[in-house]
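Asks: Before I ask anything, let me first share the structure, which is written out below as structure tokens.
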Amino acid sequence: MAARILLVSLLIVALSAVDAGAVRYTVRNAAPNTPGGRRFNRDLGVPYTERIMASSTDFIWKIFNQDSHPKEKKNVQLAVCSHIS
């Protein structure tokens, strides 16, 4: 549970300037055979992390009331989250 909270917190900070509408989110576990990599696969996984990245971005834009000002957003096409243990 603490790992999810930490991951979500880091994603919110990292994605605070990302435009959710045009971004392709890529997640990879670079260490699947380590204890941390196995825990990532078991407790979080790639699909969940991709969903959290997108919803975190939407949340940040809405909380700062920036979701209606597309010209103020950076043109980011790819956001990558790598898990390395």
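Take the sequence shown: its letters are residues -20 to -1, 1 to 65, numbered as in mature numbering (1 follows the signal peptide of the UniProt record, and there is no 0).
A virtual CB, placed ideally from N, CA and C, is assigned to each residue, including glycine.
(1) Taking buried to mean at least 16 other C-beta atoms within 10 Å of its own C-beta, is asparagine 55 buried or exposed?
(2) Do the region 25 to 42 and the region 4 to 13 make contact, defined as three or more Cβ pairs closer than 8 Å?
(3) So for asparagine 9, helix, strand or coil by DSSP?
(4) Whole angstroms is fine: what's the gap from phenylalanine 39's alpha carbon to valine 3's?
(5) Starting from lysine 42, trace the alpha helix (DSSP H) both ways and give me its first and last residue.
Replies: With the given structure in hand:
(1) Asparagine 55 should be labelled exposed.
(2) Because the criterion of three Cβ pairs below 8 Å is met, the region 25 to 42 and the region 4 to 13 touch.
(3) Residue state for asparagine 9 is assigned as strand, using DSSP reduced to three classes.
(4) Each residue's Cα considered, the two are about 15 Å apart.
(5) Bounds of the alpha helix (DSSP H) holding lysine 42 are 26 to 43.
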